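K.L.:
Numbering-wise (the numbering used here), the sequence shown opens with residue 153 and increments by one. Virtual Cβ for every residue (Gly too), placed ideally from N, Cα, C. None of the values given here were measured: they were computed from a predicted structure.
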Amino acid sequence: MRSASYGERNLEEIHERESHLKIERIETDYYRLPLEPMGDAGHGAIDTEELITLSLHAEGLTGHGYTYTIGRGGRAVKALIDHDIAPLISGQDAAQIQAIWDLMWQRLLYVGRGGLASFAIAAVDVALWDLYGVREEKPLYALLGAEARDLPAYGSGVDLPKPLDGLLAQTEGFLERGFPGVKVKIGRPDPTEDEQRIRAVRELIGDGVDLMVDANMAWTTDEALERGRRLEEYGLYWYEEPTIPEDVAGHARLAREMDVPIAVGESLHSPHEFRRYVEEEAAAVLQIDPITNGGITASLEALKMADEAGLKTSSHYTDELSAHLLCASENPVYLEKHAFALDEYLQEPQRVVNGHVRPTETSGTGLRFDAERLAPYAAG
Ligand SMILES: [Mg+2]
């Protein structure tokens, strides 16, 4: 069974080798990347992505990690890394990835248990996995005991404010790139507008393309039920974040009472939060984001839970990391090609071929930022 191989066996092997890859130094940089103005029903207007890059040095090797926000909180995340996490893990063995994750989680527990702390933990955890791959000269998916595969990707817009013609133009662009699925934001104040938009997109894409909707936590459970039912006739592939992530019971009710699968994950900041959803049968699709979930280590746990419960998996943003992680999942239905593409800042942007993506073959995560392209956006 594939779930037995999620990096654990390899980590055990490394532990047995008595490696000591002493963490010597962690460096971070903070950037504010401008975005074409966009928005959704839960987070409002978005025009900036905060990016914090991280390099972790150990015994002559360097692991690269990063974390991001959608415009707020990034400086606090960077401060958590610089002032609290870096001194905490200095001198630790970089090969002990799970032990370091546990240490960061425990020592930040009082102010953490998710939230900003998870975004900070993630940056370090991504760098540790990258370093592990660099050292083993293997791409991340191979470290996880997985094989590379073509993953279907869907075109995803953060498009709630877009007028209908703009929404349709965006959707046409997704179709031109060969995506087998597209996702549309919902949550306009007037429910008939959501209906018109979803109907128009369905007419444009036909029945052969999957259509997902995303409410970004905008509604109460009752509202989500009523608003979702209005859209079911358009053949939805999933209904994402219909209500707030704290309301697991509400999601479970929607999962029971609606025919459309419920999808969550981007707002779950630890394996503990995923576990509640799985135990309460509150979602049919688990969407990993190895930054917001609290690192690759945390997202792998979520994937394992999905496998054990027979759930489908997908991803949120983090296109490049998720291409590796979803290869280690038993039923990855889609990778999200997100509107906040990092492509222009990457040395090796992810390639989309006929609407599908593959993980990179270079050692580690394969994710390397282009320092020159980021430089104009450095901020304090
Ligand atoms: Mg979403």
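Please identify the residue among 192, 204, 179, 525 whose C-alpha is closest to the C-alpha of residue 123.
P.N.:
It is not possible to answer for residue 123, since the shown part of the chain is limited to 153 through 532.
K.L.:
Using only the alpha-carbon positions, how far apart do residue 519 and residue 283 sit?
P.N.:
For residue 519 and residue 283, the distance between alpha carbons rounds to 12 Å.
K.L.:
Is residue 156 buried or exposed, if buried means 16 or more other CB atoms sit within 10 Å of its CB?
P.N.:
Legend: pLDDT at residue 156 = 40, less than 50; position of this residue unreliable, no value from coordinates given.
K.L.:
Could you tell me which residues DSSP puts in a beta bridge with residue 190?
P.N.:
Per DSSP, 198.
K.L.:
Within a Cβ cutoff of 6 Å, which residues of the same chain sit near residue 154, ignoring the five residues on either side of it in sequence?
P.N.:
Reliability of the predicted coordinates at residue 154 is poor, the pLDDT of 38 falling under 50, and no value is obtained from them.
K.L.:
Compute the Euclidean distance between the alpha carbons of residue 517 and residue 324, then round it to the nearest angstrom.
P.N.:
So the two alpha carbons sit approximately 31 Å from each other.
K.L.:
Would you check if the distance between the CB atom of residue 443 and the CB atom of residue 305 is smaller than 7 Å?
P.N.:
No, the Cβ-Cβ distance between residue 443 and residue 305 is not below 7 Å.
K.L.:
Hey, is the segment 276 to 292 in contact with the segment 206 to 214, meaning 3+ C-beta pairs nearer than 8 Å?
P.N.:
Judged by Cβ distances under 8 Å, the segment 276 to 292 makes contact with the segment 206 to 214, as three or more pairs qualify.
K.L.:
Starting from the C-beta of residue 404, find all residues in its chain whose C-beta is less than 7 Å away, skip the five residues before and the five after it, and write them out in chain order.
P.N.:
Taken in chain order, the residues that qualify are 432, 433, 434.
K.L.:
Does residue 521 come out as helix, strand or coil in the three-state DSSP assignment?
P.N.:
Reduced to three states, the DSSP call for residue 521 is strand.
K.L.:
Under 7 Å between the Cβ atoms of residue 249 and residue 276?
P.N.:
No, the Cβ-Cβ distance between residue 249 and residue 276 is not below 7 Å.
K.L.:
Could you check if residue 366 belongs to the surroundings of ligand 3, using beta carbon to heavy atom distance under 6 Å?
P.N.:
Ligands displayed in this structure: ligand 1; ligand 3 is not among them.
K.L.:
Residue 383 and residue 347 look like a contact to me (Cβ under 8 Å); what is the Cβ gap, rounded to whole Å?
P.N.:
Contact holds; Cβ gap of about 7 Å.
K.L.:
Is residue 308 near residue 335, with beta carbons less than 7 Å apart?
P.N.:
The answer is yes: Cβ separation under 7 Å.
K.L.:
With a threshold of 16 other CB atoms inside 10 Å of the CB of residue 235, please say whether the residue is buried or exposed.
P.N.:
So residue 235 counts as exposed.
K.L.:
If we require 3 or more residues per run, which beta strand (DSSP E) segments fall completely within the segment 354 to 380?
P.N.:
Complete beta strand (DSSP E) runs here, min 3: 362 to 366.
K.L.:
What first and last residue would you give for the alpha helix (DSSP H) that runs through residue 286?
P.N.:
Counting along the chain, the alpha helix (DSSP H) containing residue 286 begins and ends at 267 to 288.
K.L.:
Tell me which residue opens and which closes the beta strand (DSSP E) that residue 318 is part of.
P.N.:
Element bounds for residue 318: not the beta strand (DSSP E) but the alpha helix (DSSP H), 316 to 328.
K.L.:
Going by other Cβ atoms of all chains shown within 10 Å of its Cβ, with 16 needed for buried, is residue 462 buried or exposed?
P.N.:
Exposed, by the Cβ-count rule.
K.L.:
Specify the secondary structure class of residue 528 as computed by DSSP and reduced to three states.
P.N.:
Helix at residue 528.
K.L.:
Answer yes or no: the CB of residue 392 versus the heavy atoms of ligand 1, is any distance below 6 Å?
P.N.:
The answer is yes for residue 392.
K.L.:
Residue 473: buried (16+ other C-beta within 10 angstroms of its C-beta) or exposed?
P.N.:
Label assigned to residue 473: buried.
K.L.:
Who are residue 97's beta bridge partners in DSSP?
P.N.:
Lying outside 153 to 532, the shown extent of the chain, residue 97 is not represented and no answer is given.
K.L.:
Just checking residue 418 against ligand 1 - is the residue's beta carbon closer than 6 Å to any of the ligand's heavy atoms?
P.N.:
Yes, since a heavy atom of ligand 1 falls inside the 6 Å radius drawn around the Cβ of residue 418.
K.L.:
Who are the near neighbours of residue 506 in its chain, counting only those whose CB is closer than 8 Å to its CB and skipping five residues on each side?
P.N.:
Answer for residue 506: 330, listed in chain order.
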